[in-house]
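So for the sequence shown, my numbering puts the first residue at 7; every next one is plus one.
The beta-carbon is built from N, C-alpha and C at its ideal position, and this holds for glycine as well.
None of the values given here were measured: they were computed from a predicted structure.
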Amino acid sequence: MFHFQALYDENGVDPTEFQDDVVTEFVMPCFVEPVPATALQNSLVLKGWAQLLFHHTRRTREAKGIFVNSFTEHESHAFLSLSNVETPPVYPVRPILECLQGGACGSLMSSSGLMISLPLR
7 MFHFQALYDE
17 NGVDPTEFQD
27 DVVTEFVMPC
37 FVEPVPATAL
47 QNSLVLKGWA
57 QLLFHHTRRT
67 REAKGIFVNS
77 FTEHESHAFL
87 SLSNVETPPV
97 YPVRPILECL
107 QGGACGSLMS
117 SSGLMISLPL
127 R
């Protein structure tokens, strides 16, 4: 989202113009391969939604940090691309779920070994 918000604010590229475009591909820093315009999420290409998304992306840039539910080894290219732009620091959170008998997962163990109980609802 940071990439498209910057394209819009700095270069005037409006992603809503690519809603039905089957030719255009975007070179995005967080992906290894170009992304076809037809693969963009609806909230980015639908009029009205894109502006709301850009507003929230601008506000996210003001945060002191961003927690991401993934780990660097899994998505190294994406994490590297986020470290090279003007975004808050990104902190990957490596979740390890301890599943109870019967398949219900009720606790989260951090990499430090601290067990955190999560209520199941």
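DSSP state of F37, grouped into three classes?
DSSP places F37 in coil when its eight states are reduced to three.
Quick check: what's the CA-CA separation for N75 versus A84?
Cα to Cα, N75 sits roughly 13 Å from A84.
Am I right that T31 and P21 are in contact with their C-beta atoms under 8 Å? What's the rounded C-beta distance?
For the sequence presented, residue 31 should be read as Glu rather than Thr. By a beta-carbon distance limit of 8 Å, E31 does not contact P21. Their separation comes to about 13 Å.
Roughly how many whole angstroms lie between the Cα atoms of F8 and T63?
F8 and T63: Cα-Cα distance of roughly 6 Å.
Going by CA-CA distance only, name the one from P35, V99, P95 that's closest to T66.
Ranking P35, V99, P95 by Cα distance to T66 puts P95 first.
Give the DSSP-derived three-state secondary structure of P94 in the structure shown.
P94 sits in coil when the DSSP states are folded into three classes, being neither helix nor strand.
Where does Y14 fall in DSSP's three states?
Assigned with DSSP and collapsed to three states, Y14 falls in helix.
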